[in-house]
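**Student:** The structure is given below, and queries will be raised subsequently.
Protein chains: 2
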Amino acid sequence: MARLADAALGGLAGRKELFLQELLAYCRQPSVAATGEGMEAMAGLVSRTLERLGAEVEWWHGPGAFPVIYGRLERGAPVTLLFYNHYDVQPPEPLERWTSPPFEPRLAGDRLHARGVADDKGALLARLHAVELLQQVAGGIPVNVIFLVEGGEEVGSPGLGRLLSAHRRQLQADGCLWEGGEIGAHGRLEVEAGCKGMLYVELVVRGPREDLHSSLAGLAPNPVWHLLEALRTLYDPGSGRILVDGFYDRVRPPSPEELSLVDAYPLDEGALAQAWGLVELESRRQGRTAPRALFVEPTCNVSGIFAGYAGPGSKTVLPSEARARVDFRLVPNQSASDCLRKLEHHLARRGFRDVRVVDGGSEDPGQSPLDHPLVERVAAAARETYGVDPILKPRSAGTGPAALFVDTLGLPVVNGPGVAYHGSGPHAPDEHIRLGDYWRGIEHVVRLLAGFDAEDGLLKGRPQ
Amino acid sequence: MARLADAALGGLAGRKELFLQELLAYCRQPSVAATGEGMEAMAGLVSRTLERLGAEVEWWHGPGAFPVIYGRLERGAPVTLLFYNHYDVQPPEPLERWTSPPFEPRLAGDRLHARGVADDKGALLARLHAVELLQQVAGGIPVNVIFLVEGGEEVGSPGLGRLLSAHRRQLQADGCLWEGGEIGAHGRLEVEAGCKGMLYVELVVRGPREDLHSSLAGLAPNPVWHLLEALRTLYDPGSGRILVDGFYDRVRPPSPEELSLVDAYPLDEGALAQAWGLVELESRRQGRTAPRALFVEPTCNVSGIFAGYAGPGSKTVLPSEARARVDFRLVPNQSASDCLRKLEHHLARRGFRDVRVVDGGSEDPGQSPLDHPLVERVAAAARETYGVDPILKPRSAGTGPAALFVDTLGLPVVNGPGVAYHGSGPHAPDEHIRLGDYWRGIEHVVRLLAGFDAEDGLLKGRPQ
Numbered sequence: 001m002a003r004l005a006d007a008a009l010g011g012l013a014g015r016k017e018l019f020l021q022e023l024l025a026y027c028r029q030p031s032v033a034a035t036g037e038g039m040e041a042m043a044g045l046v047s048r049t050l051e052r053l054g055a056e057v058e059w060w061h062g063p064g065a066f067p068v069i070y071g072r073l074e075r076g077a078p079v080t081l082l083f084y085n086h087y088d089v090q091p092p093e094p095l096e097r098w099t100s101p102p103f104e105p106r107l108a109g110d111r112l113h114a115r116g117v118a119d120d121k122g123a124l125l126a127r128l129h130a131v132e133l134l135q136q137v138a139g140g141i142p143v144n145v146i147f148l149v150e151g152g153e154e155v156g157s158p159g160l161g162r163l164l165s166a167h168r169r170q171l172q173a174d175g176c177l178w179e180g181g182e183i184g185a186h187g188r189l190e191v192e193a194g195c196k197g198m199l200y201v202e203l204v205v206r207g208p209r210e211d212l213h214s215s216l217a218g219l220a221p222n223p224v225w226h227l228l229e230a231l232r233t234l235y236d237p238g239s240g241r242i243l244v245d246g247f248y249d250r251v252r253p254p255s256p257e258e259l260s261l262v263d264a265y266p267l268d269e270g271a272l273a274q275a276w277g278l279v280e281l282e283s284r285r286q287g288r289t290a291p292r293a294l295f296v297e298p299t300c301n302v303s304g305i306f307a308g309y310a311g312p313g314s315k316t317v318l319p320s321e322a323r324a325r326v327d328f329r330l331v332p333n334q335s336a337s338d339c340l341r342k343l344e345h346h347l348a349r350r351g352f353r354d355v356r357v358v359d360g361g362s363e364d365p366g367q368s369p370l371d372h373p374l375v376e377r378v379a380a381a382a383r384e385t386y387g388v389d390p391i392l393k394p395r396s397a398g399t400g401p402a403a404l405f406v407d408t409l410g411l412p413v414v415n416g417p418g419v420a421y422h423g424s425g426p427h428a429p430d431e432h433i434r435l436g437d438y439w440r441g442i443e444h445v446v447r448l449l450a451g452f453d454a455e456d457g458l459l460k461g462r463p464q
Numbered sequence: 001m002a003r004l005a006d007a008a009l010g011g012l013a014g015r016k017e018l019f020l021q022e023l024l025a026y027c028r029q030p031s032v033a034a035t036g037e038g039m040e041a042m043a044g045l046v047s048r049t050l051e052r053l054g055a056e057v058e059w060w061h062g063p064g065a066f067p068v069i070y071g072r073l074e075r076g077a078p079v080t081l082l083f084y085n086h087y088d089v090q091p092p093e094p095l096e097r098w099t100s101p102p103f104e105p106r107l108a109g110d111r112l113h114a115r116g117v118a119d120d121k122g123a124l125l126a127r128l129h130a131v132e133l134l135q136q137v138a139g140g141i142p143v144n145v146i147f148l149v150e151g152g153e154e155v156g157s158p159g160l161g162r163l164l165s166a167h168r169r170q171l172q173a174d175g176c177l178w179e180g181g182e183i184g185a186h187g188r189l190e191v192e193a194g195c196k197g198m199l200y201v202e203l204v205v206r207g208p209r210e211d212l213h214s215s216l217a218g219l220a221p222n223p224v225w226h227l228l229e230a231l232r233t234l235y236d237p238g239s240g241r242i243l244v245d246g247f248y249d250r251v252r253p254p255s256p257e258e259l260s261l262v263d264a265y266p267l268d269e270g271a272l273a274q275a276w277g278l279v280e281l282e283s284r285r286q287g288r289t290a291p292r293a294l295f296v297e298p299t300c301n302v303s304g305i306f307a308g309y310a311g312p313g314s315k316t317v318l319p320s321e322a323r324a325r326v327d328f329r330l331v332p333n334q335s336a337s338d339c340l341r342k343l344e345h346h347l348a349r350r351g352f353r354d355v356r357v358v359d360g361g362s363e364d365p366g367q368s369p370l371d372h373p374l375v376e377r378v379a380a381a382a383r384e385t386y387g388v389d390p391i392l393k394p395r396s397a398g399t400g401p402a403a404l405f406v407d408t409l410g411l412p413v414v415n416g417p418g419v420a421y422h423g424s425g426p427h428a429p430d431e432h433i434r435l436g437d438y439w440r441g442i443e444h445v446v447r448l449l450a451g452f453d454a455e456d457g458l459l460k461g462r463p464q
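First to last, the sequence lines map onto chains W and F. At position 363 of the first sequence (counting the first as 1) the number is 363 in the UniProt record's numbering, and the numbers step up by one without a gap. At position 70 of the second sequence (counting the first as 1) the number is 70 in the UniProt record's numbering, and the numbers step up by one without a gap.
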């Protein structure tokens, strides 16, 4: 109801300073899952905000995982929405590339710089602030709301699946709002109904017990050559095809609706190439369209390779070990475990039995139907908020634990209400958001929640 | 003359403590060319030892190089011998792999541990001590002696060629004793008349301006794939052949004499494979003999490769740059500059114009005739010292600036009088020598120098 939203938003101006101070406090608290720094304190901050809103809060603990914060606002309403977010951030390194320290938030004009402000503390807090406005100014929210805020998203959400299964009953809902969206380079908010999956492995080849003097290269095998031989059987950079035997077997061809969304996606290839300092995009060279390469096809990428001496000056060694980290982004209906098995068989069949494959944290793709009414609800609230249609696409090119919510909990997953934009640089130095996007992100969630009538079901108007 | 040698060596027992103390002082002084640590102080130590022996000492300075110490002991003799050594050492890293600090020499039984004691401070000082014994105990040396002690051997001897050219007249001699030999795994001293050369390059491929999120792998080219494509055109690990166009064109086939020496070289392949933790040697897999692979053939080795994220945990990036360090060991009559040109042409011809080739310090192979009388002089003195024939081989599998002495100065180069053994671990943690080898190294040089008669020329008995 527009009246409810307008009432709530009438209270925003007077609370901006307070909300900003809370965002700064969130950003000041380090919470690096990869190292464990500040994780407990950050979980405490989230927990206290939820309690302030009157939520019933639980800390869920799993082996090898940081606490998952569960907060429930029960209104006895017919509709329950689940917000999935995370309170952990990427490691801030390389520190020397930051203009100011990553955990000392800095306001430069409209831009707020801090590690995690775009991914995902800003989106999380904007959602909490939206609920706060509705409750305190407009007198309540017309739906039940669950916040599920985990601490391991940036390290592959270890143990999350088990916790979701164990607490399945407490997580019953009508839909899941994914962690947060962004304004694309085209200037419009992006709304998605899923994520690609990922198989992330390290390939390890052992050579001699210790590094040898490289004059012995005629005598001892260099593990780098063997690793390179193995890698080149996995991917053909010329065609962009993944060569792992059977890798595409289970790929579900995109539906006509998915394809039409993807093909309509406004991606300025020239601008992207220029921004990245490239002559042309890879997809162009391979005769693909960029949006299909991004959203429809699986990828194979070397995210790290290392062997031997990397220090300054020269050192002539025959390395005792060579390692490559390879990530494959997966599309529906591939599964990470099936692709891992195929990779292992592929290597073994070609005589690479000595190439050890270490699973470094993998996730299945998670996809919801594009015609689910929650998608239209998010889009409608975006139209009202931004004054322009959002861009709808089937899924994010990135990866998150969406499959757990789709497959384990049976929830539709929709991404959209967020505070980032295409220049936010999540995971990178000088991560930031624009404050204007922050206030609009709050407005978007207010309008989404206020759009539900207490009498309504989520499915009203949905073709049955 | 055996009498002269015996007289000199009669004074060794009484001086062992003093000589050992001086060796410890040399080892205590860091002198790392790669970082510059302690270089000036080390040059001073060498300089003072030479002055104590009555040498006329000069410090030669070249741009970008540490001082070269020149010391001349002029006796008006018909024969002049030049000793080439270096006072710099390899970086001591990784420090955690040392049993005791690298610059705090530690005597454990007969073993003296310290960075540089095997390469090359022990060999240098053994030579200086041999001269001291002859002068102070036996009344003089029957030849003129030049010490040329540089400070950049471990970083490719930058600027040395120019200094040798500029001081050509002061370096006139009948032969050059190379920096120092070792007792092989077969238990006999190795005598060599040259070194392999080396082309050391870094191949650099640029991708996007900054690391990208790896979900963009379908859009932006990953420089790792391109680097791998380039590397696999350089070398065939299956056959051991270098595939660079024309790489073998200038290789001089080994002479029958060289081949017979190489084929007679006692190399226990099983023991080597076991020591290195390998199932079998590379050469075996390729149907080569190990000694030919080691001494006769050029090699192509990746001594380092790095791109993307190498830290703990996972980080999914599309790297902005990929680098590989490749060393090619060269045999007569290849030249490093010719091989560099061939490598560049090879890559350009195959469409790898964007693979930047950075020359990281290269040296030509340097080979002297095996029938030069200085070779037999060194071997004869070794027989007397060790009571067993030394092993003669055409060249070291390793690289040093021998070509400068052979080609620029026209000197025969012979390696042999040294203090290391096959287990010394030069360049590695816990580098050490056996003290027994140290005293015998001194004896070897005493016998070599004393073997010259004041009336003799070096060439006596050489076929003209």
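Just so you know, even glycine gets a beta-carbon here, dropped at the ideal spot from N, CA and C. Given the structure is predicted, the values throughout are model-derived calculations rather than measurements.
What are the partner residues of V357 of chain F, as DSSP defines its beta bridges?
**Tutor:** Per DSSP, F:L203.
**Student:** Could you check what DSSP says for R111 of chain F in three-state terms: helix, strand or coil?
**Tutor:** Looking at R111 of chain F - three-state DSSP - the assignment turns out to be strand.
**Student:** Tell me, which residues are paired with N415 of chain F by DSSP?
**Tutor:** Answer is F:E192.
**Student:** Identify, in the order they occur along the chain, each residue of the same chain with its Cβ nearer than 7 Å to the Cβ of T385 of chain F, setting aside the five sequence neighbours on each side.
**Tutor:** Counting only Cβ-Cβ distances below 7 Å, and skipping sequence neighbours, we find R440, E443, H444, R447.
**Student:** So, is S157 of chain W buried or exposed, given that buried needs 16 or more other C-beta atoms within 10 angstroms?
**Tutor:** It is buried - the Cβ of S157 of chain W has at least 16 other Cβ atoms within 10 Å.
**Student:** Leaving out five residues before and five after G361 of chain W in sequence, what residues of the same chain have Cβ atoms less than 6 Å from its Cβ?
**Tutor:** Closer than 6 Å at the Cβ level, and outside the excluded window around G361 of chain W, lie G156, Y200.
**Student:** I'd like to confirm the pairing. Which residues does DSSP put opposite H432 of chain F in its beta bridges?
**Tutor:** For H432 of chain F, which the question treats as bridged, DSSP gives the partners F:H113.
**Student:** Between which two residues does the beta strand (DSSP E) holding Y84 of chain W run?
**Tutor:** Note, Y84 of chain W: beta strand (DSSP E), 80-86.
**Student:** Looking only at its chain, what residues have a beta carbon closer than 6 Å to the beta carbon of R350 of chain W, apart from the 5 residues adjacent to it on each side?
**Tutor:** These residues qualify, in order along the chain: T233.
**Student:** Given R377 of chain F, which residues of its chain have a CB within under 7 Å of its CB, disregarding the five upstream and five downstream residues?
**Tutor:** Correct list, in chain order: L448, G451.
**Student:** If the criterion is Cβ atoms closer than 9 Å, does the pair S100 of chain W and G398 of chain F meet it?
**Tutor:** Against a cut-off of 9 Å, the Cβ pair of G398 of chain F and S100 of chain W comes out as no contact.
**Student:** Chain F partners of V244 of chain W, CB-CB under 7 Å?
**Tutor:** Those within 7 Å of V244 of chain W in chain F number zero; the least Cβ separation is about 15 Å.
**Student:** Between the region 403-419 of chain F and the region 303-312 of chain F, can you find at least three pairs of beta-carbon atoms closer than 8 Å?
**Tutor:** At 8 Å Cβ cutoff, the stretches do not touch.
**Student:** Opposite R325 of chain F in the DSSP bridges: which residues?
**Tutor:** Answer by DSSP bridge pairing, in chain order: F:E202, F:G304.
**Student:** Which residues, taken in chain order from the region 209-237 of chain F, show a beta carbon closer than 8 Å to some beta carbon of chain W?
**Tutor:** The residues in question are R209, E210, D211, L212, H213, S214, S215, L216, A217, G218, L219, A220, P221, N222, V224, W225, H226, L228, E229, L231, R232, Y235, P237.
**Student:** In whole angstroms, give me the CA-to-CA distance for V251 of chain W and G197 of chain W.
**Tutor:** If I take the Cα positions, the gap works out to 12 Å.
**Student:** Taking the Cβ atom as the reference point for each residue, do E179 of chain F and L124 of chain F lie within a distance shorter than 9 Å?
**Tutor:** Yes; because the gap between Cβ atoms is below 9 Å, this pair is in contact.
**Student:** Hey, P390 of chain F and A402 of chain F are a contact pair by Cβ (cut 8 Å); roughly how many whole angstroms apart?
**Tutor:** Not confirmed; about 19 Å, so no contact.
**Student:** Can you tell me whether D6 of chain W is helix, strand or coil according to DSSP?
**Tutor:** Three-state result, D6 of chain W: helix.
**Student:** Could you tell me whether any Cβ in chain W is nearer than 9 Å to the Cβ of R462 of chain F?
**Tutor:** Residue placement at R462 of chain F is flagged as unreliable, the pLDDT there being 38, under the threshold of 50; a coordinate-derived value is accordingly withheld.
**Student:** Report yes or no: is there a C-beta of chain F within less than 9 Å of the C-beta of M198 of chain W?
**Tutor:** Yes - at least one Cβ of chain F is within 9 Å of the one on M198 of chain W.
**Student:** With a CB to CB cut of under 6 Å and the five nearest residues on each side skipped, what residues in its chain are close to G400 of chain F?
**Tutor:** For G400 of chain F, where only same-chain residues beyond five positions count, the Cβ hits under 6 Å are C195.
**Student:** List in chain order: all unbroken alpha helix (DSSP H) runs of 4+ residues lying wholly within the UniProt domain "Peptidase M20 dimerisation" (196-351) of chain W.
**Tutor:** Taking only runs of at least 4 residues, the alpha helix (DSSP H) segments lying wholly in the UniProt domain "Peptidase M20 dimerisation" (196-351) of chain W are 223-232, 256-263, 269-276, 282-285, 290-295, 336-349.
**Student:** Closest by CA to A173 of chain W, which one among W:E150, W:R48, W:V413?
**Tutor:** Nearest of W:E150, W:R48, W:V413 to A173 of chain W, Cα basis: W:V413.
**Student:** Under 9 Å, do G218 of chain F and A77 of chain W count as touching if we go by C-beta distance?
**Tutor:** Cβ distance not < 9 Å, so G218 of chain F and A77 of chain W don't count as in contact.
**Student:** Less than 9 Å between the beta carbons of P291 of chain W and L330 of chain W, yes or no?
**Tutor:** Contact flag unset, no.
**Student:** Which residues of chain W have a Cβ atom closer than 7 Å to the Cβ of H427 of chain F, listed in chain order?
**Tutor:** Within chain W, the residues near H427 of chain F are H213.
**Student:** Could you give the distance in angstroms between the alpha-carbon of R462 of chain W and the alpha-carbon of L392 of chain W?
**Tutor:** Residue placement at R462 of chain W is flagged as unreliable, the pLDDT there being 38, under the threshold of 50; a coordinate-derived value is accordingly withheld.
**Student:** I need the boundaries of the alpha helix (DSSP H) containing G44 of chain F, first residue and last residue.
**Tutor:** Segment 39-52, the alpha helix (DSSP H) holding G44 of chain F.
**Student:** Which residue's Cα is closest to the Cα of P426 of chain F: F:V131, F:P91, F:D249?
**Tutor:** Comparing Cα-Cα distances from P426 of chain F to each of F:V131, F:P91, F:D249, the minimum goes to F:P91.
**Student:** Please list, in chain order, all residues of the same chain as G11 of chain F whose beta carbon is under 6 Å from its beta carbon, the five residues on each side excluded.
**Tutor:** Counting only Cβ-Cβ distances below 6 Å, and skipping sequence neighbours, we find L133, V137.
**Student:** Please look up how many angstroms separate the CB atoms of G64 of chain F and V419 of chain F, rounded, as I've assumed it's under 8 Å.
**Tutor:** With 8 Å as the limit, G64 of chain F and V419 of chain F do not qualify as a contact, their Cβ atoms being about 30 Å apart.
**Student:** Assign H186 of chain W to buried or exposed, taking buried as 16 or more other Cβ atoms, counted over all protein chains shown, within 10 Å of its Cβ.
**Tutor:** Counting Cβ neighbours within 10 Å, H186 of chain W comes out exposed, since fewer than 16 surround it.
**Student:** R75 of chain W by DSSP, collapsed to three states: which one?
**Tutor:** R75 of chain W: coil per DSSP, three-state reduction.
**Student:** Is T316 of chain F close to chain W? Criterion is C-beta to C-beta, closer than 9 Å.
**Tutor:** It does; some Cβ of chain W falls within 9 Å.
**Student:** Please tell me whether W276 of chain F has its Cβ less than 9 Å away from any Cβ of chain W.
**Tutor:** At least one chain W Cβ lies under 9 Å of W276 of chain F.
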